[in-house]
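Down below is the structure, laid out as structure tokens.
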Amino acid sequence: MERAKYGVWLRGIAAIGLCSLAGLCICGCISKVPPNGSGTGAATGASSGSSTSSGISISIHGSSTVYPISQAVAEAYKAKNPAVEIDVGQSGTSGGFKKFVSLEADICDASRPIKEAEMKLCAEKGIEYLELNIAVDALTVAVNPANDWVDCLSVSQLKRIWEPGSTVQKWNDIDPSWPDQEIKLFGADTDSGTFDYFTEAINGKEDVSRSDYTANSNDNVLVQGVAEEKYSLGYFGYGYYAENQQRLKSLKIKATDGGECIAPTTENVDADLYKPLARPLFIYVNKAALKRPEVAGYLQFYLSDEGQAAVVERKFIRVRSSILEEMRQRLDEALAAAK
1 MERAKYGVWL RGIAAIGLCS LAGLCICGCI SKVPPNGSGT GAATGASSGS
51 STSSGISISI HGSSTVYPIS QAVAEAYKAK NPAVEIDVGQ SGTSGGFKKF
101 VSLEADICDA SRPIKEAEMK LCAEKGIEYL ELNIAVDALT VAVNPANDWV
151 DCLSVSQLKR IWEPGSTVQK WNDIDPSWPD QEIKLFGADT DSGTFDYFTE
201 AINGKEDVSR SDYTANSNDN VLVQGVAEEK YSLGYFGYGY YAENQQRLKS
251 LKIKATDGGE CIAPTTENVD ADLYKPLARP LFIYVNKAAL KRPEVAGYLQ
301 FYLSDEGQAA VVERKFIRVR SSILEEMRQR LDEALAAAK
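Counted from 1, the sequence shown has number 226 at position 226 by full-length UniProt numbering; the numbering is strictly sequential.
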């Protein structure tokens, strides 16, 4: 079965369900915290054998976009459960899946859906996983606050800038009335789920992009670059823009050349107006790790009202209530099956 394309994910965001590849890897479904322990080998999850002061730990890795959400949830959960050590790292979505498949991570933070190749690797390793949609992002195109010549770009203009072999080097290559100055570009690197998403949404094909730009999977690095360069342009998660609004200027986006300029806001995402750069954010969980009370408890807390407050705290957008209830039911069913 082919992996759902991003447009399908966006149109169907209110009805995100299970996904699988020929029945080999299952985004299963989750209830009550199991009483104890886990097995060995691939079925144990990443952290069952890790050594910490408490001996109880959870390993999370992946998307830098999802990182601040998972980190905030981890801090709040640890405040209530001080014996649990939670390691939240960021290496990009693709990097996170590599750690997930090699059993270095119990949970992979992802700013895009799992790829077919990653599904196959999970199947080969005997890893079954649970997919949970935990937030929504308004992927933001930003410039330096000193930029007073552009407030809105169309998807076609963004494609001209970012497509392979682009001849756009200066701002006036897009519009003759704009400055005769080189555009300093900042964007996600190839390990980032944001790169995968942006290239498909803007260039029409995943992983296809010009390469002569400052690339990084850490959104903070991209924010810094755009904030320091007057003639810059970059893209990153909305939460990073919102946390740095005094240093950045977000651009409105036109889905079509004759369309309306739409700002990246919660209201516009909820109204399904911010296209094509609104996207779901995920966590993927090794089902074997659900046997461990600390992992089960963390996930239940993540989907609780208190845990979901971290989404808003970190300036991202909560999933609709219907999706949240679906995710909670999925988690309950998977936890029950893990007993």
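Ideal Cβ positions, reconstructed from N, Cα and C, are used throughout, including at glycine.
So, residue i versus residue j, is the Cβ gap smaller than 8 angstroms?
i    : j    : result
I107 : V285 : yes
S111 : G187 : no
P142 : Y241 : Residue 142 is actually Ala in this sequence, not Pro. Cβ distance < 8 angstroms, so A142 and Y241 count as in contact.
I60  : V84  : no
N144 : K249 : yes
N218 : W162 : no
T65  : G307 : no
I69  : V221 : no
K287 : A334 : yes
V269 : A263 : no
P179 : W149 : yes
T140 : Y67  : no
Going by Cα to Cα distance, which pick from the options is closest to residue i?
i           : options                : result
A154        : Q181, G165, I174       : Residue identity check: residue 154 is Ser in the sequence provided, not Ala. When only C-alpha atoms are compared, the closest one is I174.
residue 351 : A263, I134, D180       : Because the chain spans 1 through 339 in this model, residue 351 falls outside it and cannot be assessed.
P113        : L121, A255, E131, K98  : E131
I86         : A338, Q157, E75, E326  : E75
C122        : F100, V136, A105       : F100
residue 400 : D270, L331, K252, V312 : With the chain covering 1 to 339 only, the question about residue 400 has no answer from this structure.
Q245        : T265, E260, A255       : T265
C152        : T256, E200, E118       : T256
K159        : E200, D109, E124       : E200
R210        : N216, M327, Q329, T167 : T167
I283        : T93, K80, E243         : T93
V73         : A309, A338, S102, A334 : A309
E124        : K80, S102, P280        : S102
A79         : K98, G297, Y197, G89   : G297
S119        : Y77, E260, F97         : The residue asked about is misnamed: residue 119 is Met in this sequence, not Ser. Answer by Cα proximity: F97.
V88         : Q71, E104, N81, P82    : Q71
K115        : E326, Y197, C261, R328 : Y197
A289        : N81, A105, N172, L273  : A105
Residue i bridges to which residues according to DSSP?
i    : result
T141 : Here residue 141 turns out to be Val, not Thr, going by the sequence shown. Looking at the DSSP assignment, V141 forms a beta bridge with Y235.
G165 : G165 pairs with nothing; no bridge assigned.
G92  : Paired residues: none, contrary to the question.
P270 : A small correction: the amino acid at residue 270 is Asp; Pro does not occupy that position in the sequence shown. The partner list for D270 (beta bridge, DSSP) is empty, contrary to what the question assumes.
D87  : S59
A252 : Strictly speaking, residue 252 in this sequence is Lys, with Ala absent from that position. Paired residues: C152.
F186 : T214, G234
L281 : A135
K170 : E182
A110 : F282
I317 : V136
I262 : I253
Assuming residue i contacts residue j (C-beta within less than 8 angstroms), just tell me the rounded distance between them.
i    : j    : result
A138 : I323 : Their Cβ separation, rounded to whole angstroms, is 16 angstroms, which puts A138 and I323 out of contact at 8 angstroms.
E314 : G258 : It should be pointed out that residue 314 corresponds to Arg in this sequence rather than to Glu. Not quite, the Cβ-Cβ distance comes to about 35 angstroms (not below 8 angstroms), so this is no contact.
D207 : T190 : 7 angstroms
Y231 : Q181 : 5 angstroms
G62  : D109 : 4 angstroms
T214 : L185 : 7 angstroms
I127 : E294 : Rounded, the Cβ-Cβ distance is 19 angstroms, inconsistent with contact.
V136 : P276 : At roughly 14 angstroms, the Cβ-Cβ gap does not stay under 8 angstroms, so V136 and P276 are not in contact.
Under the criterion of a Cβ to heavy atom distance below 7 angstroms, does residue i qualify as lining the ligand GDP?
i    : result
D189 : Here there are no bound small molecules, and the ligand GDP is not part of this structure.
message = For the structure I just gave you, are there three or more beta carbon pairs, one from the stretch 294-305 and one from the stretch 220-235, closer than 8 angstroms?
response = no
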